[in-house]
């Protein structure tokens, strides 16, 4: 997509630090999204020694990889270290990032090095990546709007920098989107997702209450004691409701 071309395939930036910043942002997004890492110090302070593995109980020939988070947001407030499992895609992106670091920049070989370092090996500031991400989205939007205005069909341009509600897209938006998808599509309970994301059940319930309700709409819309209200509706009622909804354009 557009991000990959800008950061990897079409990245012809001559300035080494600028070229590297694009590549790091791209893999930062992919790796944090595929591990549910918070896009703050939880990710920026990760070191290669924090990458661990455990043998799968389902398939003894497979290893499951995870991050051991020791210096994240919650740890600053006295919480114990936590773990974030990498999806298979997450592991693939992590290995691609490590190989790129090693072959192009001579980084990533020492276990004490940061996973997402500056080019000089020191810790990167999340705000720097956030500003780069935001600036690039706005640039693409400006280009997209200009192109749309010059087009013959005058198509409506869908911006990248804001969502459908007008809320700014940030690095954290990727984590929020992943959590929402897990709640809606994975069939997992809110308790399980809260553990995967390392968010308290209370906080998860508050932040994703609407998402969880809509994800299991059939369950919550059925108020019958035996939970069969939809099945008990007569064909006559169903037809009348369908026709009346159409009449009102609902």
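Residue numbers (our numbering): 4 to 253.
All C-beta atoms, glycine included, are put in the ideal place defined by N, C-alpha and C.
Keep in mind the model is a prediction, meaning the values are calculated, not measured.
Buried versus exposed call for residue i [16 or more other C-beta atoms within 10 Å across all chains shown]
i: residue 207; result: buried
i: residue 145; result: exposed
i: residue 120; result: buried
i: residue 174; result: buried
i: residue 31; result: buried
i: residue 17; result: exposed
i: residue 142; result: exposed
i: residue 132; result: buried
i: residue 4; result: exposed
i: residue 235; result: exposed
i: residue 249; result: exposed
i: residue 100; result: buried
Within 8 Å, strictly: CB atoms of residue i and residue j
i: residue 71; j: residue 55; result: yes
i: residue 29; j: residue 10; result: yes
i: residue 140; j: residue 163; result: yes
i: residue 129; j: residue 42; result: yes
i: residue 116; j: residue 50; result: yes
i: residue 37; j: residue 89; result: yes
i: residue 110; j: residue 124; result: yes
i: residue 57; j: residue 97; result: no
i: residue 196; j: residue 186; result: yes
i: residue 39; j: residue 181; result: yes
i: residue 114; j: residue 48; result: no
Cβ-heavy atom distance, residue i to the ligand GDP, below 7 Å
i: residue 226; result: Absent from the structure shown: the ligand GDP. Ligands present: none.
Three-state secondary structure (DSSP) of residue i
i: residue 117; result: strand
i: residue 170; result: coil
i: residue 126; result: strand
i: residue 161; result: coil
i: residue 21; result: helix
i: residue 35; result: helix
Limits of the unbroken alpha helix (DSSP H) element including residue i
i: residue 41; result: Run containing residue 41: none; DSSP gives neither H nor E here.
i: residue 139; result: 129–153
i: residue 248; result: 238–251
Taking only runs that begin and end inside the region 47–109, name each unbroken alpha helix (DSSP H) of 4 or more residues, in chain order. Scanning the region 47–109 for uninterrupted alpha helix (DSSP H) segments of 4 residues or longer gives 91–108, listed from N- to C-terminal end.
Can you give, in chain order, each stretch of the alpha helix (DSSP H) that sits fully within the region 173–227 and has at least 4 residues? Segments of the alpha helix (DSSP H) lying fully in the region 173–227: 175–188, 193–200, 204–210, 212–218, 220–224.
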